[in-house]
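Colleague:
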Amino acid sequence: MDSLADRVARFLYLEADLMDEHRFDEWLALWNQELLYWVPCNADDIDPSRQVSLIYDDRDALENRLARLQSPAAHSQIPRSRLRRVLSNIVITDQGESRVQASSNFILAESRHHRQVIIGGKSIHTLIDHGDTLRIKEKKVLLINNDDYINNLSFIV
Amino acid sequence: MDPITKQPTLFNPEELVTEDRAHSAIYTSEEIFELEMERIFHGSWMYLGHHSEVPHPGDYQVRQIGRQSVIMVRGDDGTVRALMNRCSHRGMAVCEAEEGNTRFFRCWYHGWVYGNDGELQDVPKENGYGETFDKSEFGLKPAPWSADYRGFHFVSLRDPGISVDEYLGSAKKYIDPFLDASPLGEIEVLAGVHRTKYYGNWKFVGMDGYHPHFTHKSVLDMWSRKQGTNLGATHRGDPFADESGNLTRDMGNGHVMLDFYPGREQHYDTYLEGLLAKPGGREYLQAMEAAHGREEARRQLIWAGDPHAGIYPNMQLINIQIRIIRPISASETEILMFPALLKGVPDEINATRLRHHESFYGPAGTGAPDDAELFERNQVGLQNDVDPWIFLGRGIDRQTRDEAGDLVGLVSDEVTQRGQLKAWVKLMAKS
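Residue numbers (my numbering), protein chains in the order written: chain A, 11 to 167; chain B, 106 to 536.
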């Protein structure tokens with residue numbers, strides 16, 4: 011039996027590959043039915059009811075986002091960004107009954123239109139542990155440049 | 106015209122913009138861009154910020170006006186000033202943070218200290234300047250022309266030759282709905298900012314009712330899958346159809362808008378039904394009716410706080426956002442989008458407005474990145490000069506004037522682009 015830390019790491023590596031390769035349906039399948047996908051803007055700790063985020067998706071909004079990305083008219087992803095990210099510093103930060111919170115750092119390289127962009131950040135996943143599988147209930151992504159001018163963040167981080 | 110290339114001579118603006126065409130050099134030439142910086146961005150009324158961004162004495166925001174750094178600061182006396190971010194001694198920027206609260210601006214080079222009203226308060230070893238030295242002459246220089254309309258603060262660094270009041274003209278009555286969606290008639294611009302950039306000319310950020318069916322096809326398809334989840338801007342139906350009743354409007358001085366009022370009015374009943382079903386919706390309607398009366402509340406809810414207007418050259422009011430356009434070069438532009446919260450409404454209404462904004466706008470929105478992508482393709486295409494003219498003649502034979510004197514066309518007509526370029530010629534021709 012793998013340790014919880016091993017299972018979480020393997021799950022996050024799988025998620026990273028699915029995001030890098032734009033495998034949207036498989037990525038969505040990693041999520042819990044009720045979900046929050048949150049990328050704060052301007053700072054890491056903001057009040058989403060009073061302050062704007064880059065992404066604050068519930069299931070409906072996330073399904074819309076992924077449906078749009080698969081449209082033949084999603085111009086900002088035609089051609090798609092070429093992506094590859096490296097995950098590290100995976101730490102289990104909290105653990106409850108069938109619930110685990112993990113923090114991880116990433117460096118993401120994006121190449122598109124002859125421009126390469128490097129983005130760094132920290133992800134905080136709240137996962138539901140079903141024993142045989144993990145599902146993402148919440149994912150909060152803290153981009154180190156969330157207070158800077160960004161050209162195109164229409165791929166999945 | 107140049108006798109060899111048969112191209113317009115740089116620089117005569119009247120040769121570069123005709124009644125229904127524009128020469129691509131106005132989007133690609135760095136020489137023209139330098140003139141735009143001087144004559145438009147340093148030489149005419151520019152939007153700086155909203156007073157609600159600096160609610161307390163000492164609060165400040167630093168903004169760029171063209172290439173110049175300007176501090177919008179509320180002094181201890183409560184007055185909002187626009188101060189040039191430059192020490193009167195050797196010219197250092199005295200404010201290094203983008204925003205904050207302070208009683209003093211200190212230049213860390215030689216220690217000169219200014220109050221938050223700009224007055225020079227302290228000069229180390231002042232006696233070295235002799236007896237004639239007068240501190241009152243060495244304060245931070247205010248932007249020489251500076252005024253606000255309902256808290257929207259405008260500055261000009263050279264003589265604009267016209268007051269803000271005259272400059273805004275008939276556009277003022279379309280700025281009002283942005284504030285009057287609040288029962289108190291007030292907004293709060295403290296919800297942060299989306300910062301985006303694209304590699305294209307600043308003038309592409311137009312006000313275009315012709316592009317959504319194509320540029321935003323992926324979003325319109327998404328909305329039609331789930332009717333009723335779409336933006337307040339559009340309410341119901343297809344707001345970009347010529348049959349929608351919606352209009353393009355040229356209010357003069359480059360101020361233009363997509364006027365969605367007629368289309369929204371037709372769909373008001375279903376809109377209201379949707380609003381009442383939302384958390385806080387009923388309380389919001391009641392607060393609006395109590396503040397404005399029933400008829401006016403209805404009118405403001407039809408506007409939905411969205412003038413969809415461009416205040417030339419650097420400001421737009423679109424849905425819930427105040428947008429600032431910041432040109433970097435002929436082929437690079439930064440955009441700031443400030444979502445405004447409404448004062449005096451239930452928290453859930455503001456939260457819903459933020460979620461609608463995020464779904465479309467910002468670098469991770471479902472709409473704005475596609476605009477940026479198309480602007481970048483536009484910049485590539487305009488490098489081709491075999492035929493260097495772009496065509497902006499849509500609706501030119503069917504535009505009319507309304508009783509206020511605005512030029513009006515159908516929602517897909519290029520009334521707005523022509524209106525902006527008329528102002529461009531006028532400002533650029535100014536010597």
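Quick reminder that beta carbons are idealized off the backbone N, C-alpha and C, glycines included.
If contacts are defined as beta-carbon pairs under 8 Å, then residue 154/B and residue 206/B qualify, I think. What distance do you get, rounded to the angstrom?
Modeller: Translated into positions along the second sequence, residue 154/B becomes position 49. Translated into positions along the second sequence, residue 206/B becomes position 101. That belief does not hold up - the Cβ atoms of residue 154/B and residue 206/B are roughly 15 Å apart, past 8 Å.
Colleague: Counting Cβ pairs, one atom from each stretch, are 3 or more of them under 8 Å apart for the segment 256-276 of chain B and the segment 93-103 of chain A?
Modeller: The segment 256-276 of chain B is not in contact with the segment 93-103 of chain A.
Colleague: Excluding the 5 residues flanking residue 315/B on each side, which residues of the same chain have their C-beta closer than 6 Å to its C-beta?
Modeller: Here residue 315/B refers to the residue found at position 210 when the second sequence is read from its first residue. 517, listed in sequence order.
Colleague: Taking residue 502/B as the reference, give the member of 484/B, 482/B, 523/B with the closest Cα.
Modeller: For the purposes of this step, residue 502/B is taken as residue 397 along the second sequence, with counting starting at 1. Checking every option, the nearest Cα to that of residue 502/B belongs to 523/B.
Colleague: Which residues of chain A have a Cβ atom closer than 8 Å to the Cβ of residue 302/B, listed in chain order?
Modeller: Counting from 1 along the second sequence, the entry for residue 302/B is found at position 197. The answer, in chain order, is 159, 160, 161.
Colleague: Rounded to the nearest angstrom, how far is the Cβ of residue 129/A from that of residue 162/A, given a contact under 8 Å?
Modeller: Residue mapping note: residue 129/A aligns to position 119 of the first sequence, counting from 1. Residue mapping note: residue 162/A aligns to position 152 of the first sequence, counting from 1. Contact doesn't hold; Cβ gap of about 11 Å is too wide.
Colleague: Classify residue 237/B as buried or exposed, calling it buried when 16 or more other Cβ atoms lie within 10 Å of its own Cβ.
Modeller: Here residue 237/B refers to the residue found at position 132 when the second sequence is read from its first residue. Exposed, since its Cβ has fewer than 16 Cβ neighbours within 10 Å.
Colleague: For the beta strand (DSSP E) containing residue 71/A, name the first residue and the last one.
Modeller: Within the first sequence, residue 71/A is the residue found at index 61, counting from 1. That residue, residue 71/A, is in no beta strand (DSSP E); its alpha helix (DSSP H) goes 69-79.
Colleague: So that I know if they touch, is there some Cβ in chain A lying closer than 7 Å to that of residue 231/B?
Modeller: For this step, residue 231/B is matched to residue 126 along the second sequence. Judged by the 7 Å Cβ criterion, residue 231/B is not in contact with chain A.
Colleague: Using a Cβ-Cβ cut-off of 8 Å (strictly less than) and excluding sequence neighbours within five positions of residue 383/B, which residues of its own chain qualify?
Modeller: For the purposes of this step, residue 383/B is identified with residue 278 of the second sequence, where counting begins at 1. Cβ within range, chain order: 453, 454, 457.
Colleague: Could you compute how far the alpha carbon of residue 126/A sits from the alpha carbon of residue 167/A?
Modeller: Translated into positions along the first sequence, residue 126/A becomes position 116. Translated into positions along the first sequence, residue 167/A becomes position 157. The alpha-carbon atoms of residue 126/A and residue 167/A are separated by roughly 16 Å.
Colleague: Give me the Cα-Cα distance between residue 364/B and residue 113/A, rounded to the nearest whole angstrom.
Modeller: Here residue 364/B corresponds to residue number 259 of the second sequence, with the count starting at 1. Here residue 113/A corresponds to residue number 103 of the first sequence, with the count starting at 1. In a straight line, the C-alpha of residue 364/B is about 47 Å away from that of residue 113/A.
Colleague: Looking only at C-alpha atoms, which of 191/B, 210/B, 490/B, 299/B sits nearest to residue 462/B?
Modeller: Working through the second sequence from its first residue, we reach residue 462/B at position 357. Of the candidates 191/B, 210/B, 490/B, 299/B, the one whose C-alpha sits nearest the C-alpha of residue 462/B is 299/B.
Colleague: Which whole-angstrom value describes the C-beta separation of residue 158/A and residue 53/A, a residue pair presumed to lie in contact below a C-beta threshold of 8 Å?
Modeller: Taking the first residue of the first sequence as 1, we reach residue 158/A at position 148. Taking the first residue of the first sequence as 1, we reach residue 53/A at position 43. The Cβ separation is near 12 Å, so there is no contact.
Colleague: Going along the segment 470-482 of chain B in order, which residues come within less than 7 Å of chain D, judged by CB to CB distance?
Modeller: The structure shown contains no chain D; its protein chains are A and B.
Colleague: If we call anything under 7 Å between Cβ atoms a contact, is residue 446/B one with residue 231/B?
Modeller: Taking the first residue of the second sequence as 1, we reach residue 446/B at position 341. Taking the first residue of the second sequence as 1, we reach residue 231/B at position 126. Not a contact, by the Cβ cut-off of 7 Å.
Colleague: Taking C-alpha atoms, which residue in 226/B, 321/B, 117/B, 419/B lies nearest to residue 471/B?
Modeller: Indexing the second sequence from 1 puts residue 471/B at position 366. Measuring from the Cα of residue 471/B, the nearest candidate turns out to be 321/B.
Colleague: For the candidate residues 68/A, 74/A, 22/A, whose alpha-carbon lies nearest to that of residue 330/B?
Modeller: Working through the second sequence from its first residue, we reach residue 330/B at position 225. The shortest Cα separation from residue 330/B among 68/A, 74/A, 22/A belongs to 74/A.
Colleague: I believe residue 474/B touches residue 86/A by the beta-carbon criterion, under 8 Å. Please report the beta-carbon distance rounded to the nearest angstrom.
Modeller: Counted from its first residue, the second sequence places residue 474/B at position 369. Counted from its first residue, the first sequence places residue 86/A at position 76. The pair is a contact, with the Cβ atoms about 4 Å apart (cut-off 8 Å).
Colleague: Please report the residue range of the alpha helix (DSSP H) in which residue 344/B lies.
Modeller: Numbered from 1 along the second sequence, position 239 holds the residue referred to as residue 344/B. Taken as a continuous stretch (DSSP letters only), residue 344/B belongs to no alpha helix (DSSP H), as it is neither H nor E.
Colleague: Which value, in whole angstroms, describes the spacing of the CA atoms of residue 326/B and residue 520/B?
Modeller: As a working note, residue 326/B is residue 221 in the second sequence. As a working note, residue 520/B is residue 415 in the second sequence. About 27 Å.
Colleague: Leaving out five residues on either side along the sequence, give the residues of the same chain with a beta carbon under 6 Å from the beta carbon of residue 104/A.
Modeller: Residue mapping note: residue 104/A aligns to position 94 of the first sequence, counting from 1. 111, listed in sequence order.
Colleague: Nearest-angstrom Cα distance between residue 117/A and residue 131/A?
Modeller: As a position in the first sequence, residue 117/A is number 107, starting the count at 1. As a position in the first sequence, residue 131/A is number 121, starting the count at 1. C-alpha separation (whole angstroms): 7 Å.
Colleague: Would you mind reading off the limits of the beta strand (DSSP E) that contains residue 258/B?
Modeller: Translated into positions along the second sequence, residue 258/B becomes position 153. Unbroken beta strand (DSSP E) run through residue 258/B: 257-261.
Colleague: Whose CA, out of 514/B, 531/B, 389/B, 418/B, lies closest to the CA of residue 347/B?
Modeller: As a working mapping, residue 347/B is identified with position 242 in the second sequence. Answer by Cα proximity: 514/B.
Colleague: Can you pull the chain B neighbours of residue 78/A, defined as C-beta to C-beta under 7 Å?
Modeller: Residue mapping note: residue 78/A aligns to position 68 of the first sequence, counting from 1. Here the neighbours are 323, 324, 327, 471.
Colleague: Answer with yes or no whether the minimum CB distance from residue 463/B to chain A is below 7 Å.
Modeller: Numbered from 1 along the second sequence, position 358 holds the residue referred to as residue 463/B. Yes, residue 463/B lies at the interface with chain A (some Cβ there is under 7 Å from its Cβ).
Colleague: Could you have a look at residue 448/B and say whether DSSP puts it in helix, strand or coil?
Modeller: Working through the second sequence from its first residue, we reach residue 448/B at position 343. Reduced to three states, the DSSP call for residue 448/B is coil.
Colleague: Between the segment 117-139 of chain A and chain B, which residues of the former have a C-beta closer than 7 Å to a C-beta of the latter?
Modeller: Result list empty, no residue passes.
Colleague: Assuming contact is defined by CB atoms lying nearer than 7 Å, are residue 379/B and residue 349/B in contact in what I supplied?
Modeller: Counting from 1 along the second sequence, the entry for residue 379/B is found at position 274. Counting from 1 along the second sequence, the entry for residue 349/B is found at position 244. Contact: no.
Colleague: To which residues of the same chain is residue 265/B closer than 8 Å at the C-beta, ignoring the five residues directly before and after it?
Modeller: One-based indexing of the second sequence puts residue 265/B at position 160. Cβ within range, chain order: 148, 149, 150, 250, 272.
Colleague: For residue 233/B, which of helix, strand or coil comes out of DSSP?
Modeller: In the second sequence, residue 233/B corresponds to position 128, counting from 1. Correct three-state label for residue 233/B: helix.
Colleague: So residue 60/A packs on residue 296/B, CB below 8 Å; how close in whole Å?
Modeller: In the first sequence, residue 60/A corresponds to position 50, counting from 1. In the second sequence, residue 296/B corresponds to position 191, counting from 1. Yes, they are in contact, since the Cβ atoms of residue 60/A and residue 296/B sit about 6 Å apart, within 8 Å.
Colleague: Using a cut-off of 9 Å between C-beta atoms, extract the partners of residue 64/A located in chain B.
Modeller: The sequence position of residue 64/A within the first sequence is 54, counting from 1. Those within 9 Å of residue 64/A in chain B are 299, 463, 467, 468, 469, 470.
Colleague: Please list, in chain order, the chain A residues whose beta carbon lies closer than 9 Å to that of residue 456/B.
Modeller: As a first step, residue 456/B must be located in the second sequence, where it is residue number 351. Per Cβ cutoff of 9 Å: 58, 59, 60.
Colleague: If you reduce the DSSP assignment to three classes, tell me which class residue 280/B lands in.
Modeller: The sequence position of residue 280/B within the second sequence is 175, counting from 1. In this structure, residue 280/B counts as helix in the three-state DSSP scheme.
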